[in-house]
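Okay, structure first, notes after.
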Amino acid sequence: MLSAFEASGETYGSRRLSQAVTDLGVKIGWFKARRLMQELEIKAKCPKAKV
1 MLSAFEASGE TYGSRRLSQA VTDLGVKIGW FKARRLMQEL EIKAKCPKAK V
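For the sequence shown, UniProt numbering assigns the number 1 to the initial residue and increments by one for each residue that follows.
The structure is reproduced here in structure tokens:
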């Protein structure tokens with residue numbers, strides 16, 4: 001899960017991260033992804049507006 005988060009540039013939240021991990025072959029729901037993110041103390045960065 002941590003490698004998928006780092007591969008996303010640390011921008012994926014729990015829903016997109018759960019989909020990325022599922023695509024890697026590990027079935028995980030977004031609520032479990034959210035809980036694991038809290039345990040690992042990782043938070044998604046909000047991308048800045050491109051003006």
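The beta carbon of each residue, even a glycine, is placed where N, CA and C say it ideally should be. All values reported here derive from a predicted model rather than from experimental measurement.
With DSSP collapsed to three states, give me the class of Val26. DSSP places Val26 in coil when its eight states are reduced to three.
Taking Cβ to Cβ, would you say Ala44 is nearer than 8 Å to Thr11? Closer than 8 Å, so yes.
Do you know how far the Cα of Glu6 is from the Cα of Ile28? Cα to Cα, Ile28 sits roughly 17 Å from Glu6.
Do you know how far the Cα of Arg15 is from the Cα of Cys46? Their backbone Cα atoms lie some 14 Å apart in a straight line.
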